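FYI, in mature numbering (1 follows the signal peptide of the UniProt record, and there is no 0) the residues of the sequence shown are -20 to -1, 1 to 144.
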Amino acid sequence: MFIAAALALTLLAAPQQTPAPHTMPGEEAVDPYTVDPSNAGARPFNGDAMARAFHGQDGIRRIVDRFVASNFADPRIGEIFTNQDRIRLKRTLFEQFCYILNAGCAYTGRDMKAAHKNMGVQQNDMNRLVENLQAAMGAEGVAFAAQNRLLAKLAPMRKVVVER
Ligand code: HEM
């Protein structure tokens, strides 16, 4: 009884490594930041047309999974992704796209400037990433007009992602 109580006290006194509530098992910790919808870098679409065009959250998840896998495997930009937290990237990208497409999610990731700081991303890396996203949206059967509407939301983020 005494031992059990002592053990319980020791466990309670141990520093708690509680991850933020939105993180997934297996994610690495990141420096603290303020969660804010504006971190997504774009305002969401109105209505549900874009969410439907992307086949809802299931479609967005398939697109993000394919997109992230292709970026990591890419002979041109894969090196930038090596050693980065793929589990977190999949979660935050899903949240970001789902939020912007107004498909029922909150974005809890970092802002685009902080997320890409000191990464040395160049314009041709950005172009390649967009090609990979187009391929992933195409594989999901998203209509070109809807693809282009999402790309137009992402395009202005180039200014903070690309370093010169
Ligand atoms: C408009 C274009 C882009 C968008 C919307 C975007 C979106 C994101 C998001 C949401 C995150 C995660 C934020 C977080 O962890 O809190 C992230 C991280 C990252 N992005 Fe991008 N990104 C873009 C362009 C690029 C480009 C062009 C590259 C390189 C070719 C890139 C490489 C990365 C890498 C490696 C990370 C992981 C950083 C880390 O874990 O510390 N991104 N991006």
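Beta carbons are placed, not taken as given, at the ideal position from N, Cα and C, and that holds for glycine. Quantities reported herein were computed from a predicted structural model and do not represent experimental measurements.
Closer than 8 Å by C-beta to residue i: which residues in its own chain qualify, once you throw out the five before and the five after it? Chain order, please.
i, result
"Asn128", "none"
"Gly6", "Ile67"
Given 7 Å as the limit, tell me if residue i has its C-beta closer than that to any heavy atom belonging to the ligand HEM.
i, result
"Met30", "no"
"Phe52", "no"
"Asp65", "yes"
"Ala132", "no"
"Leu69", "yes"
"Arg129", "no"
"Thr72", "yes"
"Asp105", "yes"
Confirm, please, whether the CB-CB distance from residue j to residue i is below 8 Å.
i, j, result
"Asn112", "Ser50", "yes"
"Phe34", "Leu109", "no"
"Gly21", "Met137", "yes"
"Asp91", "Asn19", "yes"
Count the other C-beta atoms from every protein chain shown that fall within 10 angstroms of the C-beta of residue i, then say buried if there are 16 or more, exposed otherwise.
i, result
"residue 220", "Beyond the ends of the chain as shown, which are -20 and 144, falls residue 220; an answer cannot be given."
"Phe124", "exposed"
"Glu8", "exposed"
"Arg144", "exposed"
"Thr88", "buried"
"Phe25", "buried"
"Met4", "exposed"
Enumerate in chain order the residues of its own chain whose CB-to-CB distance from residue i is below 7 Å, with the five nearest sequence positions on each side excluded.
i, result
"Lys133", "Ala22, Ile80"
"Gly36", "Ala83"
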